[in-house]
């Protein structure tokens, strides 16, 4: 596997994108992976990197980015919100399409958690496939997230504790844009969609994904559930059993639908 790291232009800042490339071959399909809320491309015990490795072993390019103010993305945390992150996903998708070793018409999207909401929102892109892993995919409804309103009202930001145990600042823009970016874009997406959900997820209500699966009435949606796993498949404990279970279903599905 070869690796490339690029800082690509997005409006007035740069987005880090790491591209993992199979060793053999000249042109490949590709998957752009989007991390979750207050995470990064290498956070959650390198969860996306572990998924990337298996995607590449299947002969597919795998790319992952750091969204606004996360990881190596130096854009101000004050800008952290759905609008900027949507722009970052779109810029990264178009960059992947432009690479000489990527099949332009065979680029897919994969998102975990808030990344799932972003890839559903960005389903207006010509994506070959879309994959949601424990995604906040109820894009037509406000995403209810608890936060300290006293801090927000008095400081303009609040402290949040992430599912991986981190402590971060979130500004009002993020919560405002969860309401102003509501959309039904996914209803117009005709290519294959895969929705995975951990039914005992303590971080994000699993009914968000389960209700989509039940009520979307879309023939292009496949799904599966995972038991006894938290929002990040227990990877923070060092036990990758559940993540490997997910990879074992997701990667073959991607391989059969993206090529």
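In my numbering, the protein residues as written are 508 to 766. Idealized CB from N, CA, C, for every residue including glycine.
Over the uninterrupted alpha helix (DSSP H) stretch that includes residue 623, give me the two end residues. To locate residue 623, count along the chain shown from 1; it is residue 116. First-last of the alpha helix (DSSP H) with residue 623: 621-628.
Just reading off the beta strand (DSSP E) that residue 703 is part of, what are its end residues? Looking up residue 703 in the chain shown gives position 196. Counting along the chain, the beta strand (DSSP E) containing residue 703 begins and ends at 700-705.
Pick out the complete beta strand (DSSP E) segments inside the segment 666-700, 3 residues or longer, and give them in chain order. 674-678
Within the same chain, show all residues whose beta-carbon is closer than 7 Å to that of residue 562, passing over the 5 residues directly before and after it, in chain order. Within the chain shown, residue 562 is the residue found at index 55, counting from 1. Contacts found: 538, 569, 758, 761.
Considering only the alpha carbon of each residue, which of 526, 610, 511, 696 lies closest to residue 723? Position 216 of the chain shown, counting from 1, holds the residue named residue 723. Here the closest residue by C-alpha is 696.
Considering only DSSP beta bridges, list what residue 520 is partnered with. Numbered from 1 along the chain shown, position 13 holds the residue referred to as residue 520. According to DSSP, which records beta bridges pairwise, residue 520 is partnered with 517.
With DSSP as the reference, label residue 613 as helix, strand or coil. As a first step, residue 613 is located in the chain shown; it is residue number 106 there, counting from the start. If DSSP states are grouped into helix, strand and coil, residue 613 belongs with the strands.
Judging by CA-CA distance, which residue of 516, 694, 553, 657 is the nearest neighbour of residue 747? For the purposes of this step, residue 747 is identified with residue 240 of the chain shown, where counting begins at 1. Ranking the options by Cα distance to residue 747, first place goes to 553.
Taking the C-alpha atoms as reference points, what is the distance between residue 558 and residue 754? What you label residue 558 is simply residue 51 of the chain shown in a count that begins at 1. What you label residue 754 is simply residue 247 of the chain shown in a count that begins at 1. Rounded to whole angstroms, residue 558 to residue 754 spans 6 Å at the Cα level.
Cβ neighbour criterion (16 or more within 10 Å) applied to residue 653: By 1-based counting over the chain shown, the position of residue 653 is 146. Classification for residue 653: exposed.
Note down the Cα distance separating residue 685 from residue 645, rounded to an integer number of angstroms. Taking the first residue of the chain shown as 1, we reach residue 685 at position 178. Taking the first residue of the chain shown as 1, we reach residue 645 at position 138. When rounded, the distance between both Cα atoms is 11 Å.
Element boundaries [beta strand (DSSP E), containing residue 747]: Taking the chain shown and counting its residues from 1, one reaches residue 747 at position 240. Segment: none, residue 747 is in no beta strand (DSSP E) and carries neither H nor E.
DSSP three-state assignment for residue 618, whether helix, strand or coil: Here residue 618 refers to the residue found at position 111 when the chain shown is read from its first residue. Reduced to three states, the DSSP call for residue 618 is strand.
I'd like to check one pair, residue 608 with residue 535: are the Cβ atoms closer than 8 Å? Position 28 of the chain shown, counted from the first residue, corresponds to residue 535. Position 101 of the chain shown, counted from the first residue, corresponds to residue 608. Contact flag set, yes.
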